[in-house]
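Note that this note's numbering has the sequence shown beginning at 1, numbered continuously upward. In this text, a Cβ means the ideal position worked out from N, Cα and C, and glycines have one as well. Bear in mind that the values here come from a model prediction, so they are computed numbers and not experimental data. Notes for the one structure printed next.
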Amino acid sequence: MTTHQANRFSSLIGEIYDAAVDPALRSRALEQVSHFVGGCAAMIVSRDSARLSIEIHQHFGTDARFRQLYRDRYVELDPLLDRHLALGSEQAIGVTDIMPHAEFRETSFYREWVEPQGAIDLATVELEKTVARTTILQVLRHRSRGTVDDAMRDRMRLLAPHIQRSQTMGRQIRARSHTVDDLADVLDGLNIAICLLDADGRVVHANAACRQLFVDANLLALVGDRIVARNTQTDKIFRGLCEIDSGVHPAAPRQIELATSADGQHYLLHAFPLKRERNLPRDIAATMLFVQRASMLPLLAADAIAAAFRLTPSELRVLMAIIEIGGVPDIAAKLGVAETTVKTHLGRLFEKTGAGRQADLVKIAAGFAVPFARRASGDDKAT
1 MTTHQANRFS
11 SLIGEIYDAA
21 VDPALRSRAL
31 EQVSHFVGGC
41 AAMIVSRDSA
51 RLSIEIHQHF
61 GTDARFRQLY
71 RDRYVELDPL
81 LDRHLALGSE
91 QAIGVTDIMP
101 HAEFRETSFY
111 REWVEPQGAI
121 DLATVELEKT
131 VARTTILQVL
141 RHRSRGTVDD
151 AMRDRMRLLA
161 PHIQRSQTMG
171 RQIRARSHTV
181 DDLADVLDGL
191 NIAICLLDAD
201 GRVVHANAAC
211 RQLFVDANLL
221 ALVGDRIVAR
231 NTQTDKIFRG
241 LCEIDSGVHP
251 AAPRQIELAT
261 SADGQHYLLH
271 AFPLKRERNL
281 PRDIAATMLF
291 VQRASMLPLL
301 AADAIAAAFR
311 LTPSELRVLM
321 AIIEIGGVPD
331 IAAKLGVAET
341 TVKTHLGRLF
351 EKTGAGRQAD
361 LVKIAAGFAV
371 PFARRASGDD
381 KAT
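If you want it as structure tokens, here you go:
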């Protein structure tokens, strides 16, 4: 290569790896690959070992009609695709490696698929071969450039390992990204506030419940990327938890702390360290903080309670009212029914659940508490 060609090659390698990080750059990178090797169009194609399916992962210069024709018919007539099953890794081949070009020009593959695209020849190079699939880079050669030559084969062979690694990196990055997004969705679905802190106490991630806690700012607030307690007691508790989990007091017993917010609500705070290697940067998650409001009104799986004890809708409403309110007169007033009606339902609840006291009903219901953020709404009137 000349100095100019070497610089162009180096720049192209950078574009190929940039495309692994940003999928929006893939088409541009493939276009540059095609031009660099002397082509006018290119596709990255994979075929399963049973020859039942074909997938075009990326393309440049080949319009949708020809891509569909290739999938539907001409893949079976492609003289190069299946040759890679018997060839060594990253070996680039052209049509003249397997048949005279004059003979190739008589094939329907050439006359009906290659030539109508303004091409005269094509070359392929294997990118990846597994037990299940073979993936290749296919490049068409424009008629103005003549047939595939050794320079084109060499350049495709040089680029192949970089394209393959870029594809592998892209898959890994996308898989990790999907995992992170899925985990964030799961955390947002919980009613407990969860916050990830780095080694310096900065917030790395907060779920929806925690973000709302910061917005309310009665217990904890977020200033920049750091948590600020709203009172001295909470500040002392928060700092103590972070010190234990940063290794300042490694022998300290693991505990759940009780803090009180500015509006008088009680919260349970707990933190524990995440496993991390010593050589990792300090700005990744190191500690997980949990904050939960102390409440006698947990989110309950009402439908599950009803199914477990075969409760009628009215009996279930009375049970939920017992948990939220307590006494029969107050329940009757809340539900808009007579006290005798409440007592009747209460007797049936004792019979169906085996409970002997209202406190026992509360304990039974507590076993059906769920950590989810949403709570099903229902009609408040018993009959």
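Between the stretch 139 to 151 and the stretch 39 to 46, the count of Cβ pairs shorter than 8 Å is three or higher; the stretches touch.
Its Cα nearest to that of Arg239, the residue Ala271 stands out among Thr260, Leu213, Asp263 and Ala271. In the structure shown, the three-state DSSP call for Pro100 is coil.
In this structure, Ser166 lies away from Ile305, with their beta-carbon atoms at least 8 Å apart.
The continuous beta strand (DSSP E) containing Thr135 extends over residues Arg133 to His142. Under DSSP, Asp198 forms a beta bridge with Ala285. Straight-line measurement puts the Cα of Val362 at about 14 Å from the Cα of Lys352. Listed as beta-bridge partners of Ile192 by DSSP are no residues whatsoever. Boundaries of the alpha helix (DSSP H) around His4: Thr3 to Val21. For secondary structure counted as the alpha helix (DSSP H) over 4 or more consecutive residues, the stretch 290 to 359 holds these complete runs in sequence order: 302 to 309, 313 to 324, 328 to 335 and 339 to 353. Here DSSP, grouped into helix, strand and coil, assigns Glu55 to strand. Straight-line measurement puts the Cα of His57 at about 15 Å from the Cα of Met169. Leu274 sits close to Ala286, with the two beta carbons spaced by under 8 Å.
Going by C-alpha positions, Asp149 is about 10 Å away from Val95. For Tyr70, the enclosing alpha helix (DSSP H) stretches over residues Ala64 to Asp72. For Leu122, the enclosing beta strand (DSSP E) starts and ends at Ala119 to Lys129.
Per DSSP, Asp216 is not a residue of any beta strand (DSSP E); the alpha helix (DSSP H) it occupies stretches across Ala208 to Asp216. Note: Thr260 is bridge-paired with His266 in the DSSP secondary-structure output.
Taking a C-beta distance under 8 Å as the contact criterion, Val204 and Arg226 do not qualify as a contact pair.
Between Val318 and Leu349 the beta-carbon gap is near 7 Å, inside 8 Å, which marks them as a contact.
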